[in-house]
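Worksheet: one structure, shown below.
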Amino acid sequence: MSQLKDKIAVVTGASRGIGRGIALELANRGATVVVNYNSSADAANEVVETIKSNGGEALAVQADVADETQAANLIKATTAAYGRIDILVNNAGTTRDNVIMMMKPEDFDFVLRTNLRSAWLCAKAAIRAMMRKRYGRIINITSISGIMGNAGQSNYSASKAGLIGLTKSLAREVAARNITVNAVAPGFVLTDLTKDLPEDVTNQLNEHIPLGRWGTIEDVAYATAFLASDEAAYITGHVLVVDGGMAM
Ligand code: NAP
């Protein structure tokens, strides 16, 4: 598939899980991919090697995207290596779950920084280069927790709801420059983030998913790749829910 041929993409948090899957799918469709990671250097290098061994082009770049300077450096490293940035996928994310009575303010701040501030910083850094080229695709990975809420995830749900507000505001701000901004809201997908959920919680969740299964990393990657494509040129400010029908 060459749908994204000649496109330069940055995927934050692409060393593992959904970000890794998105990086591989964008590369599959012909994009050159900057594989951002924070702490998992070996895993990020494996993603790059996998893309290269399939005939693609990729580069691993370390950056804590919640940090202003490092987020800006990630975008700079991209334009230095490839001359521009066409696609930004803000995927990096984390959880620090607890009921609000037990949750520390540091856990609230950490999750908001990692999930929301990071996307704002990376978008801010990428927008200038996209505006110059009069082209851009920004895709924020939110969650159905940001739409439905989730007990024990007041910090995470707030960050993900915030990402939806960011998506819509930015979409309005940059539409005239041919830059689209959309969000993908996955339901439950098995990754390091969700692997420790107790079995009874998992079974309970399954009962609420009309399609009767958890999502796969590929389910999320295909939706993201579509929003990154030229076929999605007239879609902006949209939240594409990929959840087996759970949130409807
Ligand atoms: P994961 O397996 O835990 O992977 C998280 C990724 O984010 C890792 O590559 C990690 O990099 C990176 N990361 C974390 N903090 C970072 C930072 N400050 N700077 C740069 N990278 C950072 O999680 P996942 O399940 O794939 O989740 C990916 C995204 O999908 C998240 O935004 C999550 O909220 C969202 N999501 C997941 C689910 C689900 O069910 N799994 C559902 C809805 C939404 P290092 O390992 O290098 O530190």
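Residue numbers (this note's numbering): 317 to 564.
Glycine included, C-beta positions come from ideal geometry on N, C-alpha and C.
query	result
Going by alpha carbons, who is nearest to L482 out of D516, M447, K440 and A541?	K440
Please classify N519 as buried or exposed, where buried requires at least 16 other C-beta atoms within 10 Å of its C-beta.	exposed
Report whether the distance from the Cβ of I457 to the nearest heavy atom of the ligand NAP is below 6 Å.	yes
Does the distance from the C-beta atom of A537 to that of E341 stay below 7 Å?	yes
Using 6 Å as the cut-off, classify the Cβ of T410 as near or not near the heavy atoms of the ligand NAP, replying yes or no.	yes
Could you please give me the residues that DSSP links to R351 through a beta bridge?	Checking the sequence shown, residue 351 turns out to be Val, not Arg. Paired residues: V327 and A376.
Report, in whole angstroms, the separation of the C-beta atoms of A492 and G462, which I expect to be a contact under 8 Å.	Not really, about 27 Å apart at Cβ, beyond 8 Å.
Bridge partners of N456, per DSSP?	N406 and A499
Determine, using beta-carbon pairs with one atom in the segment 416 to 424 and one in the segment 371 to 387, whether at least three such pairs fall under 8 Å.	no
Determine the closest residue to V557 out of A474, V363, L432 and I525, with distance taken between C-alpha atoms.	I525
Please state the DSSP three-state secondary structure of N414.	strand
On the DSSP bridge list, what partners appear for L556?	V500
Report the rounded CA-to-CA distance for G465 versus I401, giving the unit in angstroms.	33 Å
Measure the C-alpha to C-alpha separation of A445 and E489 and round it to an integer number of angstroms.	15 Å
Suppose the cutoff is 6 Å on Cβ atoms and the five residues either side in sequence are ignored; what does the same chain contact list for V351 look like?	A330, A339, A360, V363, V364, A374 and A376
To the nearest angstrom, how far is it from the Cα of N494 to the Cα of I443?	11 Å
Please classify D322 as buried or exposed, where buried requires at least 16 neighbouring CB atoms within 10 angstroms.	exposed
Any heavy atom of the ligand NAP closer than 6 Å to the Cβ of A393?	no
Would you identify the three-state DSSP class for G478, choosing helix, strand or coil?	helix
Leaving out the 5 sequence neighbours to the left and right, which residues in its chain are closer than 8 Å to G561 when beta-carbon positions are compared?	I525, P526 and L527
Kindly identify the DSSP beta-bridge partner or partners of Q469.	N414
Runs of 3 residues minimum, wholly inside the segment 481 to 543: which ones carry the beta strand (DSSP E) assignment?	495 to 502
Secondary structure at Y398, three-state DSSP: helix, strand or coil?	helix
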